[in-house]
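Q: By this note's numbering, the letter at position 136 of the sequence shown is numbered 130, and the numbering carries on one by one without gaps.
Glycine is no exception: its CB is placed at the ideal position from the N, C-alpha and C atoms.
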Amino acid sequence: MTTWHILGVGSLGTLWATRLARAGLPVRLLLRDASSLTRYRAGGGLSLVENGQSSLYPIAAETAQASTPIKRLLLACKAYDAEEAAASLAPRLTPGAEIILLQNGLGSQQAVAEHLPKASYIFASSTEGAFRDGAFRVVFAGQGHTWLGQPGQTQAPGWLEELARAGIPHQWTADILGKLWRKLALNCSINPLTVLHGCRNGGLRDFPEAVATLCAELAQLLHRVGQAEAAEGLHEQVLQVIEATAANYSSMYQDVAAGRRTEIDYLLGHACREADRLALNLPHLSDLQRRLQAELQARGLPLN
Ligand code: NAD
Ligand code: KPL
């Protein structure tokens, strides 16, 4: 049975590692360095909190610099860390190794694939929710679903059955790029505005024109990048998400409020770069990026 090597032992990485391990599947965590490994071992494993109940999983771990070969890698770090993290594992990857990329947005997947062209890539787009509330301790905060796929590949790999066994809700799709673009468009229509207006998602009910204009520009972009299906009903879905998540703060709002780097470069940044590449004038989207970057700068956060 192929071992699941997992790099990125944060929110989603822990959510995957603990469910795979408790289903009896072989899992090895790849920690950043020896001191992180020492701290992990001192705690006795990964803790997952579900419905208020915490369980400890003593999953095997090593540093990324160990030398055993890696046939299957789940890369569960943030988009801005993905390229460097994957490159650090290059000497350990077997030819044709499977790399599952859990990053939100677009751009990081392509950067990783260019760096390590010999691997086989599976892209993922997840709506599951989790957050860290201590060292190696994660709270499962929201049921969701994960799309997995390789562009154009209709046949799912056999190991998908392991996700079913682990109780990870998922579905294979040949149109994974469409799913990633759709999520990117949703995030671009909501998250930056919540940061700029300092509000929960529901606060955007007060800015219906801004939301509608952004959705219209993002739909234009989706058509031009060949993702017409991902543009269908975008505005309606954005309004539904605003209602369904009205009481929540968007992930970007939470990052900014906590003084953490955002994934702006792989969301709005990617959208604006694609528009520039296609000489497509999307004034509201560019203006949103400028305003968001100004806000990040004012808070001393990275602009990318
Ligand atoms: P996170 O910050 O909780 O965890 C990332 C982990 O990767 C951190 O522990 C970090 O130390 C580690 N890491 C980074 N570089 C590393 C390296 N070189 N070596 C070893 N470890 C390294 O992030 P997250 O919230 O799990 O998000 C991961 C991705 O999943 C993001 O793109 C995010 O947008 C997406 N996502 C997250 C959620 C969620 O609820 N958390 C939901 C959907 C999608
Ligand atoms: O995914 C989200 C996020 O906060 O990142 C939603 C809730 C859809 C808002 O864009």
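Flag Ser5 as yes when its Cβ comes closer than 7 Å to any non-hydrogen atom of the ligand KPL, and as no otherwise.
A: Here residue 5 refers to the residue found at position 11 when the sequence shown is read from its first residue. False, no ligand heavy atom lies under 7 Å from that Cβ.
Q: Just curious, the alpha helix (DSSP H) that Leu178 is in, first and last residue?
A: Sequence index remark: in the sequence shown, residue 178 carries index 184 (1-based). Element bounds for Leu178: Ile170 to His191.
Q: Would you check if the distance between the CB atom of Ala358 and the CB atom of Leu262 is smaller than 8 Å?
A: The question about residue 358 has no answer, for the chain in this structure spans -5 to 298.
Q: For Asp249, count the other beta carbons within 10 Å of its own beta carbon; 16 or more makes it buried, fewer makes it exposed. Which is it?
A: Counting from one through the sequence shown, the residue named residue 249 turns up at place 255. Under this definition Asp249 is a buried residue.
Q: In the DSSP assignment, find the alpha helix (DSSP H) that holds Ser280 and state where it starts and stops.
A: In the sequence shown, residue 280 corresponds to position 286, counting from 1. First-last of the alpha helix (DSSP H) with Ser280: Pro277 to Ala292.
Q: Quick one: what does DSSP say Val21 is sitting in, helix, strand or coil?
A: Within the sequence shown, residue 21 is the residue found at index 27, counting from 1. Three-state DSSP puts Val21 in a strand.
Q: Helix, strand or coil: which one does DSSP assign to Asp27?
A: Here the question's residue 27 lines up with position 33 in the sequence shown. The answer is coil: DSSP assigns Asp27 none of H, G, I, E or B.
Q: Is any heavy atom of the ligand NAD found at a distance shorter than 7 Å from the C-beta of Asn195?
A: One-based indexing of the sequence shown puts residue 195 at position 201. No, the beta carbon of Asn195 sits no closer than 7 Å to any heavy atom of the ligand NAD.
Q: Which residue or residues does DSSP assign as beta-bridge partners of Trp(-2)?
A: As a working note, residue -2 is residue 4 in the sequence shown. Val21 and Arg66, per the DSSP bridge assignment.
Q: Give me the Cβ distance between Glu122 and Gly138, rounded to the nearest whole Å; I'm assuming they're in contact under 8 Å.
A: On the sequence shown, residue 122 is found 128 positions in, with the first residue counted as 1. On the sequence shown, residue 138 is found 144 positions in, with the first residue counted as 1. Their Cβ separation, rounded to whole angstroms, is 4 Å, which keeps Glu122 and Gly138 in contact under 8 Å.
Q: How many angstroms separate the CA atom of Leu190 from the CA atom of Gly136?
A: In the sequence shown, counting from the first residue as 1, residue 190 sits at position 196. In the sequence shown, counting from the first residue as 1, residue 136 sits at position 142. Leu190 and Gly136: Cα-Cα distance of roughly 25 Å.
Q: So is Thr167 buried or exposed if we call it buried at 16+ other beta carbons inside 10 Å?
A: Looking up residue 167 in the sequence shown gives position 173. Result: buried.
Q: Pair every Cβ in the stretch 200 to 211 with every Cβ in the stretch 242 to 260, then say whether three or more of these pairs are closer than 8 Å.
A: Contact fails: fewer than three Cβ-Cβ distances are below 8 Å.
Q: Would you check whether the ligand KPL has a heavy atom nearer than 7 Å to the C-beta of Thr299?
A: Outside the shown range of the chain, which is -5 to 298, sits residue 299, and nothing can be said about it.
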